[in-house]
Amino acid sequence: MVKRWYQERKNDYYYKKAKQVGYRARSAFKLLQIQGKFHIIKPGDTVVDLGASPGGWSQVASEITGRGGLVISVDVSLMKPLEGVLFIQGDVTDPSTLDRIIEGLRGGRADAVISDMSPDISGSYSVDQARSAYLCEQAFRCAAHVLKVNGNFVCKIFEGEDTRLLLDRVKPCFKMVKLYSPEASRKSSSEIYVICKGFISDSSS
C-alpha cells in the first residue's frame with residue numbers, strides 16, 4: 007500500500023512539477039490556481055499561512071507579496087526557513103498561538119489568512135471530515151481576530167455534512183463566499199476550498 011502510494015506520488019504531474027520549479031510541495035499549485043481565479047493576495051500584502059509546513063503555500067504567498075509584504079507561517083511541525091517569512095511553531099487551536107501571530111503582526115492586521123490544514127487521517131471519513139471542519143473553524147477564528155476590513159480568507163475542508171455549517175458561519179462575515187476545487191487537487195481527494203473575500207466583521211463578536 008505504502009509502496010503504491012509512493013509510486014503514484016512520483017508519477018504525479020504536480021509533484022514532479024513542484025520538484026522542477028523548486029516548490030516544497032505540490033500544494034503550491036493549488037494556491038497558484040486559487041490566486042489565478044480569485045486574486046486573494048496582492049503585492050505588499052501581509053499574509054498569515056496556517057498549517058504552513060513544509061512551506062509550499064508560504065513560498066507562493068511570499069512570491070506574490072514581494073519584498074514589501076510579510077508572510078507569517080504557522081505550523082505545529084518545524085518548517086525550514088524561507089527568506090522573508092516569519093515562522094511560528096505552534097498549534098492553531100491553542101490561544102497562545104494566536105497571541106504570537108498578533109505579536110508577529112506588530113500592531114497591524116492581515117490582508118489574507120490562508121489555511122491548507124488537514125487533520126491526521128484516522129481512516130474513518132466521518133471522523134476525518136469533522137476534524138477538518140474543526141480546523142476550518144479554528145482557522146476562521148484566527149482570521150476573525152487578525153483580518154483587515156476587506157481582507158480575504160481561504161481554508162480547506164473535506165466535503166461532508168459540516169461543509170454547509172461552515173458556509174453558514176462565514177457567509178455573514180464576508181462580501182463573497184464560494185467553494186472551489188483547484189485542478190491540482192487529486193481526483194481521489196474529497197477536499198474543497200472555501201474562498202472568502204471582503205471581510206466585514208465576525209458577526210458573532
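Every letter in the sequence shown is one number past the one before it in my numbering, and letter 134, counting from 1, is 140. Think of the CB as a built atom: it goes at the ideal place given N, C-alpha and C, for glycine as much as any other residue. What you are looking at is a predicted structure, and each value in this text was computed from that prediction instead of being measured.
{"Asked": "Simplified DSSP assignment, three categories, for residue 118", "Found": "strand"}
{"Asked": "Of the listed residues 143, 112, 170 and 20, nearest to residue 125 (C-alpha basis)", "Found": "143"}
{"Asked": "Same chain, Cβ closer than 8 Å to residue 176, five either side skipped, listed in chain order", "Found": "146, 159, 183, 200 and 202"}
{"Asked": "Every unbroken alpha helix (DSSP H) inside the segment 34 to 94 [4 residues or more]", "Found": "34 to 44 and 62 to 71"}
{"Asked": "Three-state secondary structure assigned by DSSP to residue 131", "Found": "helix"}
{"Asked": "Cβ-Cβ distance between residue 29 and residue 62 below 7 Å", "Found": "yes"}
{"Asked": "Exposure label - residue 130; buried when at least 16 CB within 10 Å", "Found": "exposed"}
{"Asked": "Same chain, Cβ closer than 8 Å to residue 73, neighbours up to 5 away in sequence not counted", "Found": "90"}
{"Asked": "Reference residue 166; option with closest CA among 140, 156 and 39", "Found": "140"}
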